[in-house]
Amino acid sequence: MARVVSWRKLRFRFDWMLTAATLVCISLGLLNLWSAVRERQFHLFAQQLSWAAVGALLFLAVASFDYRVIARMGYLLYGVGIALLVTVLIHGKMVGGSRRWFDLGAFHLQPSELMKVLTIIALAKYIHETPALDGRTLRHILVPIFLAGLPFLLIAAQPDLGTALILALIFATVMLTARLRLKTMAGIALVVALAATPLWEYALHDYQRNRILAFINPALDPATAWQPRQAMNAVGSGRLVGKGFLQGTQIRLRSLPALWTDFPFAVWAEEWGFLGCLVVLLAYALLTLWVIKIGREARDRFGITVCVGVAAMLTWQVAVNIGMVTGLLPVVGVTLPLLSYGGSSALTVMLALGLVMNVSVRRFAY
Amino acid sequence: MDIAGQDAELPEIRHRARYLSVLVALTFLGLAARLFYLQIVEGDSYYRMTADSIVRTVVLPAVRGQIRDHKGRVLATMVPSYDVQVLPSQLTHDAYLRLRELLGPDVEGVPTWEAIREEAEKGKDRTMVVAEDIKRDVMAQLETTLDKPGIQVVSVRRRHYPFGTLASHAIGYMNEVSAEELRTRKDEGYRSGDTVGRTGIERQWEPYLRGQKGFERMVVNRRGLRRTDVRIADLVDGPISQAAVPGNNLVLTLDMDLQRIVERALRGSRAAAAVFLDVETGRILALASKPSFDPNLMSRGLSPEAVSRILSDRLRPFRDKALADTYNPGSTFKVITASTALEEKLITLEDKVRCAGYIQVGRRRFRCTKVHKAVNLHDAIVQSCNVFFYDLGARPGMMNRLAKFANEFGLGAPSGLGLNNEQAGFVPTEEWHRAQASADGKSEGFVIGHALNTAIGEGATRVTVLQMALAYAAIANGGKLWLPQIVERVESPDGKVVEEFPPRVRRDVAVSAESLATIRSGLYGVVSDPKGTAYKARSHHIEVAGKTGTAQVYRGGRVGKDDPPLPYERVDHAWFVGYAPAAKPRIAFAVFVEHGGHGGSVAAPVAMEIVDSYFETVVPPEDRSPPRLAHHAGHGPAAGDSRLPSTVGETRPAPLPDPTSPTPPANDDPALPAGPNRKESR
């Protein structure tokens, strides 16, 4: 076996395209954050800048050693993630009615973000170790359901519906790509649909139910429908070319809650208009499609599954986040990868992309 | 691990991943389509709604409630006032010079031209207040002659205290909330720039006076102009406006006529305090502390130099000496010693003690003011004989008995007024002295000397001026210890009574009516008996009863006539506590002159002057001629004490033994008719 850490390999086969797409997204995020916080909360910008730097180091570090080491430790890492989720439920910092964060002084660690990547690794390891030439059926999916279901329930219990939803979407995407039979998938979907009724009645918190209801019928509760309406006002008023950098007026209302974590796209859309939005969408499309391309060139099932999982994570977070900003989806609190303010989110995405880089560097059999 | 080439499933997964790429591309296309709809198709209507609009919340200040005295005169109110504001970025040097000229040399704190230029560098929209509370004529001139950009006269409301320094400690003052308070009192709704009551009523009744701020939200454009084409409800959540609720008005029990008389009478004292109470309600009619301050200046904010000057003043102008400071009661405490002796049956009225000018206890000699010879309780009160009370102090268990009755009269506990950090004072016990000794190891523990000192109001006993007034009110009214009141009622801004505070008895003092009557006769003698310690200061219009007190501050022994005068801080405190009229008490009072000297010659004349003017000018004419003990001895407070009428009868028409008395004998003519004639007879 080759040396585990190989700077030489990393240097010669460095994926410039992946790196460039990532850097573009980070830069757009910082530019946008500058506009949102420069007036009163400049320290947020400085923090995000330092997280971007730490993220870059993490990216290189994860890419530097053979991903098969990570694969070998897959379940162990997964176990650590689960332990963190359990601990945060008990000892986490209570913010706005949910326990999602560890208070580490300067930094609030959100283990559910990290858990998305750890679940992808665990799923990839399982798929890697259980080949199924004729496609996967219920028999092959029981363990993955457990692997994704456990963190799903723990995260939903925080409660953090958005992240749980993203985890479910990643699971579905990864399993379908790993040749889960459509019939099986349809069966699962049916069961979930049937289970949804009691879930709606008993498992959801009032505020979560209200958000979804307010989304379906905004007139129902003006207080909960107000948030997405503000976001839509901001986005719509950007028109073709936007109001110009630092010229957004809606953000000055200071009325959008969670502006920098959940609604950075509203700020961007207002200031840069439809053309600016296309730039962001193109950057994301380029990044995501490139990740899938790397996956398709991977030398083993672990590599491709990790890439598919990361691509799914990016795509669905972008879709859900922009969906809620533009009034397509209820406000569920999903971050926009690399554009949202927040350390846990930024570091998680950089970690995931580091893994993809790792797969890219080692795509050829030696 | 598998080798890629041998993994038969891998190509299949790769194939499916291709579909995923398509799905991803379609998803992003969908998002782009949605954005196209919002920004291009509907963009103009969204733009119209939001473009160039800012929601500004204007805080509507609440008008603070008025404070009025018992007769409805305004003691504190909000008045319009004018500030001069400049926009530094637009102000020209010429305009600045002209402005300075118009403001005149009296207006302090006008920033220099350099300071204004500096501010102009910081931003276009900045404003600066250059002069506060300018005079009306200056304002008129500014408005008419100064047609220059960048200068505006803005109207604000300011707290105004029409009576100036009168009752300043009781009323208090206001100033801006500090940064510290903005953090700690956040939930009370204070914002930067708000003012808050700092002392006195303004502080204690802040929640009643303050009212509730309102707000109005409006849509403005970038230049701050109001927009009418945007519905504000589309932009903000929750209510759009809320009217401010004005604060409630307070009606105090104070009577500013009396307050003025009190503070005038204290003109010769450097530091003093006085409390006047209604004997039948416990309401405070006047509450003074000297030196006072002008709350108008305080509320405007003082320069740091002025603050440090005031804080280093040894007369402590900010301290409310009637409530927040405690002192030895001196001989005014003897009424409590007397109550104790009578109630505990330690003496009869006839028992006499021989005063040789001192009493020897062990190796210590406890001195009296002079040689009184044989005195009974009445004489001892009238002449303030220490030896008589030393003798009582030496009785077994006297220390704690005194403490019991001191507590009974309300000493050693806060009176319940709660104003200005009111102190509880202190009443020592045997146990306390013992604990004190074991704590510091130096003092001797409890010895009989402590009880002796306590019996004449020296030692560790500490009282507030208010406590003494309340105790004497209880003696005057037959034993009702009142809960003192300074706020009579709370009224809403439109004059409806919101809350009323009827008089409340704190306790019926456990001293028999006979004992109180005996003490009252003694207190009457203090003023009316030629041997009485306040005889020289007596009023010739109103019969006053009371007790002088000279509280020792410096125990350096006696000062001979040839010794240099003592420094201010070592001079004794002067007390005169009592009530008037003696026959039918209506007001009780305590007058205290800090480091004033002798109670009889310093505090008593002040008290007499106040009582005199009060009954002559403030009290309604029909009440000005109260019954006199000299005529109604049989019904007076000393009923049953056979010696009083004779004492009065002997002394009244006899001003002769005291040639220094300025009083013309005619004034003591019992036949003199009461009422309006009094003034002429003076």
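Same order as they appear, the protein sequences are chains Z and F. In this text, residue positions in the first sequence follow our numbering: the first is 201, and each later residue adds one. In this text, residue positions in the second sequence follow our numbering: the first is 164, and each later residue adds one. For glycine and all other residues, C-beta sits at the position ideal for the given N, C-alpha and C. Computed from a prediction, not measured in an experiment: that's the story for all the values here.
Taking contact to mean 3 or more Cβ pairs, one atom from each stretch, closer than 8 Å, check whether the stretch 402-417 of chain F and the stretch 220-236 of chain F are in contact. yes
Going by beta carbon distance, what residues of the same chain come within less than 8 Å of R439 of chain Z, once the five residues before and after it are set aside? Within the first sequence, numbered from 1, the residue matching residue 439 of chain Z stands at position 239. Excluding residues within five positions, the ones whose Cβ falls inside 8 Å are G473, F474.
By alpha-carbon positions, which one of Z:H405, Z:I290, Z:G436, Z:P331 ends up nearest to R197 of chain F? Within the second sequence, the letter at position 34 stands for residue 197 of chain F. Of the candidates Z:H405, Z:I290, Z:G436, Z:P331, the one whose C-alpha sits nearest the C-alpha of R197 of chain F is Z:G436.
Close beta carbons around D360 of chain Z, own chain, < 8 Å, minus the five adjacent residues each side: Residue 360 of chain Z sits at position 160 when you count from the first residue of the first sequence. Excluding positions up to five away in sequence, the list reads S298, R300, S312, G533.
Hey, is R213 of chain Z's beta-carbon within less than 8 Å of any beta-carbon in chain F? Within the first sequence, residue 213 of chain Z is the residue found at index 13, counting from 1. Output row for R213 of chain Z: interface = no.
Report the CB separation of V756 of chain F from V765 of chain F in whole angstroms; it is logged as a contact under 8 Å. Here residue 756 of chain F is taken as the residue at index 593 of the second sequence, counted from 1. Here residue 765 of chain F is taken as the residue at index 602 of the second sequence, counted from 1. So it is a contact: roughly 5 Å between Cβ atoms.
Tell me A436 of chain F's beta-bridge partners as DSSP assigns them. Locating residue 436 of chain F in the second sequence gives position 273, where the first residue counts as 1. DSSP output for A436 of chain F lists F:S452, F:F755 as bridge partner(s).
Residues bridged to T713 of chain F by DSSP? Stepping through the second sequence from its first residue, residue 713 of chain F is reached at position 550. Per DSSP, F:A737.
Assign M385 of chain Z to one of three DSSP states: helix, strand, or coil. For the purposes of this step, residue 385 of chain Z is identified with residue 185 of the first sequence, where counting begins at 1. Helix.
Could you pull the start and end residues of the alpha helix (DSSP H) that K567 of chain F belongs to? Residue numbering aside, residue 567 of chain F sits at position 404 when the second sequence is read from its first letter. Here the alpha helix (DSSP H) through K567 of chain F covers 561-571.
Does the stretch 529-536 of chain F come close enough to the stretch 563-576 of chain F to have 3 or more Cβ pairs within less than 8 Å? no
Closer than 8 Å at the beta carbon, the chain Z residues around L440 of chain F: Residue 440 of chain F sits at position 277 when you count from the first residue of the second sequence. Those do not exist, as L440 of chain F stays about 55 Å from chain Z at its closest Cβ, beyond 8 Å.
With burial defined as no fewer than 16 other Cβ atoms inside 10 Å of the residue's Cβ, what is the status of G141 of chain F: buried or exposed? The structure shown does not extend to residue 141 of chain F, since chain F is modelled only from 164 through 845, so no value can be given for it.
At a CB-CB cut-off below 7 Å, which residues of chain Z make contact with T190 of chain F? Working through the second sequence from its first residue, we reach residue 190 of chain F at position 27. Chain Z residues near T190 of chain F: T515, A519.
Cβ of D350 of chain F within 8 Å of any chain Z Cβ: In the second sequence, counting from the first residue as 1, residue 350 of chain F sits at position 187. No, because no Cβ of chain Z sits closer than 8 Å to the Cβ of D350 of chain F.
Among Z:P351, Z:D462, Z:M557, whose alpha-carbon lies nearest the alpha-carbon of C507 of chain Z? Within the first sequence, residue 507 of chain Z is the residue found at index 307, counting from 1. Among Z:P351, Z:D462, Z:M557, the Cα nearest to that of C507 of chain Z belongs to Z:M557.
Limits of the beta strand (DSSP E) - the one that Q546 of chain F falls within: To locate residue 546 of chain F, count along the second sequence from 1; it is residue 383. From DSSP, Q546 of chain F is part of no beta strand (DSSP E) but of the alpha helix (DSSP H) over 540-546.
So which residues of chain C does R179 of chain F contact, with C-beta pairs closer than 9 Å? Checking the listed chains, one finds no chain C in this structure; the protein chains it contains are Z and F.
Between E295 of chain F and the rest of its own chain, which residues show a CB-CB distance below 6 Å, the 5 nearest in sequence each way excluded? Within the second sequence, residue 295 of chain F is the residue found at index 132, counting from 1. Excluding residues within five positions, the ones whose Cβ falls inside 6 Å are D246.
On the three-state DSSP scale, how would you describe D296 of chain F? Reading the second sequence from its first residue, position 133 is the one you call residue 296 of chain F. Here D296 of chain F sits in coil by DSSP.
Leaving aside the five residues before and after Y717 of chain F along the sequence, list all residues of the same chain whose C-beta is less than 6 Å from its C-beta, in chain order. Looking up residue 717 of chain F in the second sequence gives position 554. R733, listed in sequence order.
Please say whether L646 of chain F and R625 of chain F have beta carbons closer to each other than 8 Å? The count along the second sequence starts at 1 and reaches residue 625 of chain F at position 462. The count along the second sequence starts at 1 and reaches residue 646 of chain F at position 483. No. Outside cutoff.
Please identify the residue among F:R236, F:R701, F:N563 whose C-alpha is closest to the C-alpha of G763 of chain F. The residue you call residue 763 of chain F lines up with position 600 of the second sequence. Closest option to G763 of chain F, Cα to Cα, is F:R701.
Going by alpha carbons, who is nearest to R236 of chain F out of F:Y209, F:P325, F:K453? Translated into the one-based positions of the second sequence, residue 236 of chain F becomes position 73. R236 of chain F has its Cα closest to that of F:P325, out of F:Y209, F:P325, F:K453.
Within chain F, partners of M432 of chain Z - CB distance below 8 Å: Here the question's residue 432 of chain Z lines up with position 232 in the first sequence. Within 8 Å Cβ-Cβ: L201, Y209.
Does any CB atom of chain F fall closer than 8 Å to the CB of F474 of chain Z? Counting from 1 along the first sequence, the entry for residue 474 of chain Z is found at position 274. True, the Cβ-Cβ gap to chain F drops below 8 Å.
Under three-state DSSP, which class holds D350 of chain F? Residue 350 of chain F sits at position 187 when you count from the first residue of the second sequence. If DSSP states are grouped into helix, strand and coil, D350 of chain F belongs with the helices.
Any residues in the stretch 489-504 of chain Z with a beta carbon nearer than 7 Å to a beta carbon of chain F? Which ones, in chain order? L489, I492, G495, R496, R499, D500, R501, I504
Close-in-space but distant-in-sequence residues of the same chain around S655 of chain F (CB under 8 Å, 5 per side omitted): Indexing the second sequence from 1 puts residue 655 of chain F at position 492. Excluding sequence neighbours, S655 of chain F sits near N411, N412, V661.
Just checking: is the beta-carbon of C225 of chain Z within a distance shorter than 8 Å of some beta-carbon in chain F? As a position in the first sequence, residue 225 of chain Z is number 25, starting the count at 1. Closer than 8 Å: no.
Exposure of Y353 of chain F, with buried meaning 16 or more beta-carbon neighbours within 10 Å: On the second sequence, position 190 is the one that residue 353 of chain F refers to. By the 10 Å Cβ count, Y353 of chain F comes out buried.
Could you name the residues of the stretch 320-354 of chain Z whose beta carbon sits closer than 9 Å to any beta carbon of chain F, in the order they occur along the chain? I327, H328, P331, A332, L333, G335
Could you check how far apart the C-beta atoms of G685 of chain F and S494 of chain F are, in whole angstroms? I think they sit under 8 Å. As a first step, residue 685 of chain F is located in the second sequence; it is residue number 522 there, counting from the start. As a first step, residue 494 of chain F is located in the second sequence; it is residue number 331 there, counting from the start. Incorrect: roughly 12 Å between the Cβ atoms, too far for contact.
Please classify Q430 of chain Z: is it buried, with 16 or more other beta-carbons within 10 angstroms of its beta-carbon, or exposed? Your numbering for residue 430 of chain Z matches position 230 in the first sequence. Answer is buried; the Cβ neighbour count reaches 16.
In whole angstroms, what is the alpha-carbon distance linking T511 of chain F and L505 of chain F? The sequence position of residue 511 of chain F within the second sequence is 348, counting from 1. The sequence position of residue 505 of chain F within the second sequence is 342, counting from 1. Each residue's alpha carbon lies about 7 Å from the other.
Length of the line joining the Cα atoms of V559 of chain Z and F346 of chain Z: What you label residue 559 of chain Z is simply residue 359 of the first sequence in a count that begins at 1. What you label residue 346 of chain Z is simply residue 146 of the first sequence in a count that begins at 1. Taking the straight line joining both Cα atoms gives about 26 Å.
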